[in-house]
Amino acid sequence: MGKTISEKIIGEHAGKEVSAGDIVVANVDVTAVQDGTGPLAVQQLNKINLVQAANPKSTVLFIDHAAPSPHKDLSNAHGLLRDFAKKTGVVLSEVGEGVCHQRLVESYVKPGDILIGADSHTCTSGALGAFSTGMGSTDVAIGIALGKTWLRVPETFKINVTGQFQKGVYAKDLILYVIGQIGADGATYKALEFTGDTIKAMTMSERFTLSNMAVEAGAKTGLIEADDVTKQYLEELGRGDEFRYIQADEDAEYEKVFDIDASKLEPVISAPHTVDNVKSLNELMGTKVDQVFIGTCTNGRLDDLEIAASVLKGKQRHPDTRLIVTPASKQVYIQAMEKGYIQTLVEAGAAVMAPGCGPCVGVHQGILGDEEVCIATQNRNFKGRMGNPNSYIYLSSPATAAAAAITGKITDPREVLV
Amino acid sequence: MKEELNGNSWKFGDDISTDLIAPGRYFHLRTNLPELAKHVLEDADPEFPAKVKSGDFVVAGRNFGLGSSREHAPTIIKLAGVNAVLAKSFARIFYRNAINVGLPVLICDTDKIDEGDKLSIELSNGVIHNQTKGTEITFNPLPNVMIRILNDGGLASHIEKHGDFKLED
Ligand code: SF4
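Chains as they are written, first to last, in the numbering used here: chain W, 4 to 421; chain Y, 2 to 170.
This is how it looks when you write it as structure tokens:
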């Protein structure tokens, strides 16, 4: 019987044939923590006297969630990470370098790898054809020290997407639609594999948006085969030699198959307070918006900023609506400057933040006031997510978010897209 | 790990996220877990940190612990004195983290438990005695791998003891 992408990759790393349901110890290629989870990982290794890294060059500690630090306790937590990096020789990604998942796909993860990261959206790298999954601090700490982890080989749901998007519909709308269909726990313990003509035609950036949100359906990872688009992406990053093709076998076994016609999709929004609370724009049109946030590991890449800039070019943000823009990484930031997107966004009234998570996780740079509404391109809208349980978060594509920045309310992006 | 657990129930609904358990606005307390534990589940029930007693149970609906990978979430539930979390289902990362930090997580039909019910749980037999209602609820025992980790007092202790993963006989 054929194998899914998960079964292939985990099998290679466990040194034996595996199939869904097996529990194995597997080698890991890349390990990562961030500044919210890393300090606890370091403390765990200190506690059991295991201050070491099996693969220092592919172990990365990211300072991205609270970067630059807004609080002395966080500055001290950052210090723990810097010390650990000095002692073990692992890589430290400093303030300003960007969000972990974006940095991981740019520089560290390659097709066929296993990546474990102490951050739930580690599934983002699945778009490179890597088995990447989020775990807690202790699991990843042990992965850092020993270069391996234990895994249950997941069953796979195949998400087969065909057809072309209409104007104003993007990968973000697709993944929100999929999560609305599957539900927030519909894919718990499963891997998703996105495939079909629509996916094959997508850029890597769009693919990352899909894989990033796999966890919002409960999934362990969101995989996409490594094909010529992946190859070109890595070549453009000067990493062509790290490429290899990865795909599922024709006769691989899937627990469920979802067939989606992309041409039938409309722009959608996920309404408070759960990601699977997905609604059509019509139901929400006119809702007043206090803050617009464009950024994050979901939609803070170059093409996302390009879309936002094209919507906002020559326009002004609504006087009652703040606009915060955070490029996902230093590389994205530089390219967006070169292309003039940052200029356009600042002229339109955006406050542009240093690459990092920004207000996504409620630490700083855009905490909402009581009863305030934010429309954000991030991946989560849980109560309290942006720092205040008495506020409301709507999730959308960059186009829908940018449209709201102009009108001050939830707006159909097709009305402002040229 | 104690074989029998006794305590009172606190009832929560579906989709209790890690943002409700360990809110992001207390990010700076993540290196001070006893302090962070004073805010446990605060955004789901503002009174909970004040009323929870050592030995109590958190009883919830579906998909408990969805969201971020923050291991601080199960850790502060444990630090607050909670003996075990019972839910209809758990999000994957939370479930794994709970075992890693030595917090028992049991999947069972929690509709049969109301707030304030006194429970007595036999971990290895997979039985929950609802003493208030005089009823019994069964739960599926944990996978072997997880029982090993839990019995060693969590993953860090497991590795400290064996020097490596020792998940099989
Ligand atoms: S941008 Fe948001 S979702 Fe992504 S890693 Fe940062 S906090 Fe998490």
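For glycine and all other residues, C-beta sits at the position ideal for the given N, C-alpha and C.
Please read these numbers as outputs of a predicted model, since none were measured by experiment.
| query | result |
| --- | --- |
| Closest residue to glycine 411 of chain W among W/Cys377, W/Leu95, W/Val36 (Cα-Cα distance) | W/Cys377 |
| Sufficient close CB pairs (3 or more, under 8 Å) joining the segment 395-415 of chain W to the segment 260-277 of chain W | yes |
| Residue closest to glycine 225 of chain W, alpha-carbon to alpha-carbon, out of W/Lys203, W/Asp415, W/Ile162, W/Ala265 | W/Ile162 |
| Contacting positions in the segment 135-146 of chain W - beta carbon closer than 8 Å to chain Y | Gly137, Met138, Gly139, Ser140, Thr141, Asp142, Ala144, Ile145 |
| Option nearest threonine 299 of chain W by Cα separation, candidates W/Gln105, W/Pro73, W/Lys19, W/Ala57 | W/Gln105 |
| Integer-rounded CB distance, given that threonine 198 of chain W should sit under 8 Å from valine 232 of chain W | With a Cβ gap of about 13 Å, valine 232 of chain W and threonine 198 of chain W do not count as contacting. |
| Beta-carbon proximity list for glycine 365 of chain W, same chain, < 7 Å, skipping 5 on both sides | Gly387, Arg388, Met389, Gly390 |
| Residues bridged to aspartate 264 of chain W [DSSP beta-bridge criterion] | W/Thr165 |
| Delimiting residues of the alpha helix (DSSP H) encompassing phenylalanine 211 of chain W | 207-215 |
| Three-pair Cβ contact test at 8 Å for the segment 88-101 of chain Y versus the segment 63-74 of chain Y | yes |
| Strand pairing of glycine 298 of chain W, partner residues [DSSP] | W/Thr329 |
| Where serine 121 of chain Y falls, given that 16 or more other Cβ within 10 Å makes a residue buried | exposed |
| Residue closest to methionine 117 of chain W, alpha-carbon to alpha-carbon, out of W/Glu97, W/Asn52, W/Val94, W/Gly150 | The sequence shown places isoleucine at residue 117 of chain W, rather than the methionine named in the question. Minimum Cα distance to isoleucine 117 of chain W is reached at W/Gly150. |
| Where the segment 160-194 of chain W meets chain Y: residues whose CB sits under 8 Å from a CB there | Ala187, Asp188, Thr191, Tyr192 |
| heavy atom of the ligand SF4 below 7 Å from histidine 163 of chain Y C-beta | no |
| Nearest residue (CA-CA) to arginine 1 of chain W, options W/Ile310, W/Ala351, W/Ser313 | Nothing in the structure corresponds to residue 1 of chain W, since chain W is present only between 4 and 421. |
| CB-CB length for isoleucine 147 of chain W against alanine 56 of chain W, believed under 8 Å | 5 Å |
| Cβ-heavy atom distance, valine 422 of chain W to the ligand SF4, below 7 Å | In the structure as shown, chain W starts at 4 and stops at 421, and residue 422 of chain W therefore has no counterpart that could be examined. |
| C-beta neighbour in chain Y for glycine 277 of chain W, strict 8 Å | Residue identity differs from the one stated: residue 277 of chain W is threonine in this sequence, not glycine. True, the Cβ-Cβ gap to chain Y drops below 8 Å. |
| Members of the segment 143-163 of chain Y near chain W, C-beta cut-off 8 Å | Pro144, Val146, Gly155, Leu156, Ala157, Ser158, Ile160, Glu161 |
| Bridge partner(s) assigned by DSSP for arginine 155 of chain W | W/Ile26 |
| Endpoints, the beta strand (DSSP E) within which serine 313 of chain W is located | No beta strand (DSSP E) contains serine 313 of chain W, which is instead part of the alpha helix (DSSP H) from 305-315. |
| Proximity test, Cβ basis, 8 Å: alanine 88 of chain Y and chain W | no |
| Closer than 8 Å to chain W by CB, valine 102 of chain Y | yes |
| Rounded straight-line distance, which links the Cα of glutamine 167 of chain W to that of isoleucine 202 of chain W | 10 Å |
| Beta strand (DSSP E) segment containing histidine 130 of chain Y, residue limits | 128-131 |
| Buried versus exposed call for valine 456 of chain W [16 or more other C-beta atoms within 10 Å across all chains shown] | Outside the shown range of chain W (4 to 421) lies residue 456 of chain W, about which nothing can therefore be said. |
| Chain Y contact for valine 33 of chain W (CB, 8 Å cutoff) | no |
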